[in-house]
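Going by my numbering, the sequence shown opens with residue 103, and the numbers climb by one from there.
Here a beta-carbon is modelled for each residue, glycine too, at the ideal position from N, C-alpha and C.
Just so it is clear, the structure is predicted and the values come from calculations on it, not from any experiment.
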Amino acid sequence: MPRGASRTRSLRPPGRLQDGLRPLGQAARAWVFRSCRRSRPVPATGIAARTPLTGTRAVRMAGRLPISQGGRRLPGRGHGRRGHSGKEAGMAMEIRYAMSSPPTSVPPDASLEEAARHMAEAGVGALPVVQGEEVIGMVTDRELVVRAMAHGLSPRLKVETVMSADPVAVDAGSSVTVALHAMQSVKIRHLPVVDHKHARRLVGMVSFDDLFSYLSVQLGALADVVNASRKAPGSSSTR
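Structure (C-alpha cells):
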C-alpha cells in the first residue's frame with residue numbers, strides 16, 4: 103500500500119499475541135486490548151495521536167520507564183517488568199525494528215498549515231518538532247484542531263505556539279514493552295525515538311499501530327517455530 107494511504111483495520115488481538123503480551127502486566131495488557139478492539143480507519147503509517155505528555159508528569163514515570171525528558175535520560179527498571187537480564191527482562195525486541203525511519207518532522211517556525219499538510223501527505227496524526235537534530239516538541243492533529251482552529255487562530259501561526267514541548271521519548275535500543283508501557287501510562291499513541299548516545303537526537307517515530315503490527319508478525323513467527331518443533335519427530339510432545 104502506498105505511503106500515506108488509509109485503510110480500515112479491525113485491531114483484534116489473536117490469542118498468540120495475547121500470550122506474548124503477558125510480560126507487560128495486567129494494566130498495560132488491558133490497555134493494549136482495549137486499543138486493539140477499536141475498529142476504526144487508521145493511516146497506514148500510524149494512528150491519530152492524543153496530546154503527548156509534557157512537563158513534570160514524565161518525571162513521575164522515572165522509576166518505571168527508561169525514557170528521556172528534557173534532554174536527559176531518566177532512570178528506569180530496564181526492558182522488562184522486573185529487570186535487565188535473563189527471563190526477568192520480558193520481551194527483548196527493540197523499538198528500532200518497529201519504528202518508522204526517517205520520520206517526517208517540522209521545525210518550530212513551520213506554520214500550522216504546513217504541519218497539517220505534512221500530516222496529510224505522510225498519513226500520520228503526529229509530528230515531532232525538531233531543531234537541528236534534536237526533538238523539542240510534538241504537534242498532533244488534535245492540537246491543530248483544538249488549540250488552533252477551534253479558537254480561530256491563524257493557520258500561519260508557528261507550530262511552536264501550539265506544540266507540546268519537551269515530549270516523552272524512548273530510546274531506539276529499548277524494548278517494545280517499554281514503548282507500550284509508556285503509551286499506556288500516559289495515554290498517548292505516538293512516541294519519538296531517540297539515539298541513546300545523544301539524548302534528544304531524533305532517529306524515528308513509533309506508534310501503537312507500528313508496535314501492534316510488529317508484535318503480531320514476531321509472535322506469529324515464534325508460534326510457528328514452537329508448533330513446528332512440537333510436531334517434529336522425536337520431540338517430547340509427539341511421544
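Out of the options, which one is the CA nearest neighbour of residue i?
i              : options                        : result
alanine 274    : Gly239, Val288, Val296, Glu235 : Val296
proline 230    : His300, Ala271, Asn329         : Ala271
serine 318     : Val278, Gly239, Arg249         : Val278
aspartate 311  : Met240, Gly227, Ser287         : Gly227
methionine 285 : Thr263, Arg303, Leu313         : Leu313
glycine 239    : Ala217, Tyr316, Ser315, Ala325 : Ala217
arginine 198   : Ser276, Lys299, Ser331, Met265 : Ser276
glycine 306    : Val232, Ala212, Asp211, Val264 : Val232
alanine 200    : Ser331, Ser315, Gly225         : Ser315
Looking only at DSSP bridge pairs, what is residue i linked to?
i             : result
glycine 306   : Val295
serine 233    : It should be noted that the sequence gives glutamine, not serine, for residue 233. Beta-bridge pairing links glutamine 233 to Glu236.
serine 202    : Met307
alanine 228   : Thr242
glutamate 196 : Ser277
serine 266    : Met240
valine 208    : Val231
lysine 260    : Ser213
histidine 300 : Asp297
What's the C-alpha gap between residue i and residue j?
i              : j              : result
alanine 334    : serine 203     : 39 Å
proline 209    : glutamate 245  : 16 Å
serine 256     : valine 308     : 30 Å
valine 288     : threonine 242  : 15 Å
leucine 321    : asparagine 329 : 12 Å
leucine 259    : valine 248     : 14 Å
isoleucine 343 : glutamate 223  : With the chain covering 103 to 341 only, the question about residue 343 has no answer from this structure.
glycine 254    : serine 207     : 24 Å
lysine 189     : valine 261     : Reliability fails at lysine 189, whose pLDDT of 36 lies under 50, so the model's placement of it is uncertain and no value is given.
aspartate 268  : glycine 234    : 15 Å
methionine 195 : valine 280     : 10 Å
valine 237     : histidine 292  : 14 Å
valine 323     : leucine 282    : According to the sequence provided, residue 323 is alanine. The question's valine does not apply to it. Each residue's Cα considered, the two are about 20 Å apart.
alanine 301    : alanine 250    : 30 Å
valine 327     : histidine 298  : 33 Å
leucine 214    : methionine 265 : 10 Å
arginine 303   : arginine 219   : 24 Å
alanine 325    : proline 294    : 30 Å
alanine 212    : threonine 263  : 10 Å
glycine 225    : arginine 332   : 42 Å
The alpha helix (DSSP H) that contains residue i, what's its start and end?
i           : result
valine 280  : 278-288
leucine 214 : 214-224
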